[in-house]
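Participant: My questions all concern the structure below.
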Amino acid sequence: MSQLSTARRAAAALVTAAVLLPLAACGGNDDGKKDKGAEKSGAVPKADLTVLAASSLTDVFKKAGAVYEKDHPGTKVNFSFAGSQELAAQVREGAPADAVVTADTRTMDGIKVDVGTPTVIAKNRLVIVTGEGNPKKIGSLKDLADSKLKVVLAASQVPVGRYSKQVLDAQKLNVKPVSQEPNVRAVLSKVELGEADAGLVYKTDAATAPKKVDAVDIPDAQNAVASYPAAPLKMSQHAEAAAAFVKWLSTPEAQQILQRAGFQKP
Numbered sequence: 000m001s002q003l004s005t006a007r008r009a010a011a012a013l014v015t016a017a018v019l020l021p022l023a024a025c026g027g028n029d030d031g032k033k034d035k036g037a038e039k040s041g042a043v044p045k046a047d048l049t050v051l052a053a054s055s056l057t058d059v060f061k062k063a064g065a066v067y068e069k070d071h072p073g074t075k076v077n078f079s080f081a082g083s084q085e086l087a088a089q090v091r092e093g094a095p096a097d098a099v100v101t102a103d104t105r106t107m108d109g110i111k112v113d114v115g116t117p118t119v120i121a122k123n124r125l126v127i128v129t130g131e132g133n134p135k136k137i138g139s140l141k142d143l144a145d146s147k148l149k150v151v152l153a154a155s156q157v158p159v160g161r162y163s164k165q166v167l168d169a170q171k172l173n174v175k176p177v178s179q180e181p182n183v184r185a186v187l188s189k190v191e192l193g194e195a196d197a198g199l200v201y202k203t204d205a206a207t208a209p210k211k212v213d214a215v216d217i218p219d220a221q222n223a224v225a226s227y228p229a230a231p232l233k234m235s236q237h238a239e240a241a242a243a244f245v246k247w248l249s250t251p252e253a254q255q256i257l258q259r260a261g262f263q264k265p
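Residues 0 to 265 in numbering that gives the first Met the number 0 are what the sequence shown lists, from first letter to last.
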């Protein structure tokens, strides 16, 4: 092989390398960006989620859902609020849903065959709720035993009803409610409308109507702690997206929303 031919081959190789290297680098950057973007968009699959949630979460979950949708474009979170016992019945009947959040661990335990691993996302406590200005001057649990008062409680099948019975029984108080409601919001509504003088609700529920009701605190030693477990449903058609939402509820962002609404740390 002549020196000229060798020189031509070397020159051609240098030109080829000069052309290919920038292309390779460019291609590498494009692939990197594509992978990163795909990873970001694929981290939480787009889906329309239906979340069954305890009535006491109505206001805070609406706010949380809006934040979640903003942070996860393409995902829609639809909530169905009811008493925890109603939610459990819906799960057992196979209602189309993706996740469930109850106001107690007992109800969640009752549907454990239908859900993934539950995670407690928040806690709550009871307060005595009265009409605005507390016209009956109710100051403690023992005042609820006054037969002249119209007291409304949640039914014993409802978590807040069980918690109410627990705290009243612990104080050996015989309270005869004028009605027993299907969920905590119904109890609050009765007091708001003046159909009852007082009731027992979660602290966070009383906080949603500050201009309509007053809240009388119950000492911790006499109170009950409500735990809120969340879990994806095994029957979900969007298992990955449902699990991602449940996991998000324990993130600092979600916890800040819950705690601003008065919920306690899990």
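Glycine residues also receive a C-beta, built at the ideal position from the N, C-alpha and C atoms.
Skipping 5 residues on each side, what residues in its chain have a beta carbon closer than 7 angstroms to that of V177?
Facilitator: Closer than 7 angstroms at the Cβ level, and outside the excluded window around V177, lie K149, V150, V151, A195.
Participant: Three Cβ pairs or more, each shorter than 8 angstroms: is that satisfied between the segment 169-187 and the segment 71-86?
Facilitator: A contact exists between the segment 169-187 and the segment 71-86.
Participant: From G138 to L167, what does the alpha carbon distance come to, in whole angstroms?
Facilitator: Straight-line Cα distance between these residues: approximately 15 angstroms.
Participant: Is it true that the CB of L48 sits closer than 7 angstroms to the CB of D97?
Facilitator: Taking 7 angstroms as the Cβ cut-off, D97 and L48 qualify as a contacting pair.
Participant: Flag this pair as yes or no: are the beta carbons of K211 and E191 separated by less than 7 angstroms?
Facilitator: Yes, these two residues count as a Cβ contact at 7 angstroms.
Participant: Name the DSSP beta bridge partners of Y227, please?
Facilitator: Per DSSP, A121.
Participant: Secondary structure at D196, three-state DSSP: helix, strand or coil?
Facilitator: Coil, per DSSP.
Participant: In the DSSP assignment, what are the bridge partners of P129?
Facilitator: According to the sequence as given, residue 129 is Thr; it is not Pro. The partner list for T129 (beta bridge, DSSP) reads A197, D213.
Participant: Given a cut-off of 7 angstroms on the beta-carbon distance, is the pair V100 and S226 in contact?
Facilitator: Contact flag unset, no.
Participant: Any chance you could list the alpha helix (DSSP H) runs of at least 4 consecutive residues sitting entirely within the segment 53-121, in chain order?
Facilitator: Runs of the alpha helix (DSSP H) inside the segment 53-121: 57-70, 83-91, 104-108.
Participant: According to DSSP, V47 sits in a beta bridge with which residue or residues?
Facilitator: Residue identity check: residue 47 is Asp in the sequence provided, not Val. Beta-bridge pairing links D47 to K75.
Participant: When you compare only the Cα positions, how much space is there between A266 and D108?
Facilitator: Residue numbering for the chain in the displayed model covers 0 to 265; residue 266 lies beyond these limits and cannot be assessed.
Participant: Could you check whether K202 and G132 sit closer than 7 angstroms to each other, using their CB atoms as the reference points?
Facilitator: The answer is no: Cβ separation not under 7 angstroms.
Participant: Please state whether the Cβ-Cβ distance between A63 and A243 is less than 7 angstroms.
Facilitator: Contact flag unset, no.
Participant: In angstroms with no decimal places, state the Cα-to-Cα distance between D70 and A46.
Facilitator: If I take the Cα positions, the gap works out to 14 angstroms.
Participant: Counting only the same chain and skipping the five closest in sequence on each side, list residues whose C-beta sits under 7 angstroms from that of D58.
Facilitator: Cβ neighbours of D58 beyond the five flanking positions: T207, A260.
Participant: Which residues does DSSP list as the beta-bridge partners of E180?
Facilitator: Paired residues: A153.
Participant: Assuming the contact rule is C-beta atoms closer than 8 angstroms, H237 and P44 should be a hit. Round their C-beta distance to whole Å, please.
Facilitator: Their Cβ separation, rounded to whole angstroms, is 7 angstroms, which keeps H237 and P44 in contact under 8 angstroms.
Participant: Taking C-alpha atoms, which residue in I110, R105, D204, S163 lies nearest to Q221?
Facilitator: Nearest option by C-alpha distance: S163.
Participant: Within 10 angstroms of the Cβ of D145, are there 16 or more other Cβ atoms? Answer buried if so, exposed if not.
Facilitator: D145 is exposed by the Cβ-count criterion.
Participant: Among the candidates L143, I127, V186, Q170, whose CA atom is the shortest distance from the CA of S155?
Facilitator: Comparing Cα-Cα distances from S155 to each of L143, I127, V186, Q170, the minimum goes to V186.
Participant: Measuring only the C-alpha atoms, how far is G93 from G160?
Facilitator: Straight-line Cα distance between these residues: approximately 25 angstroms.
Participant: Rounding to the nearest angstrom, what Cα-Cα distance links A197 and D213 in this structure?
Facilitator: Near 10 angstroms, if we compare the C-alpha coordinates of D213 and A197.
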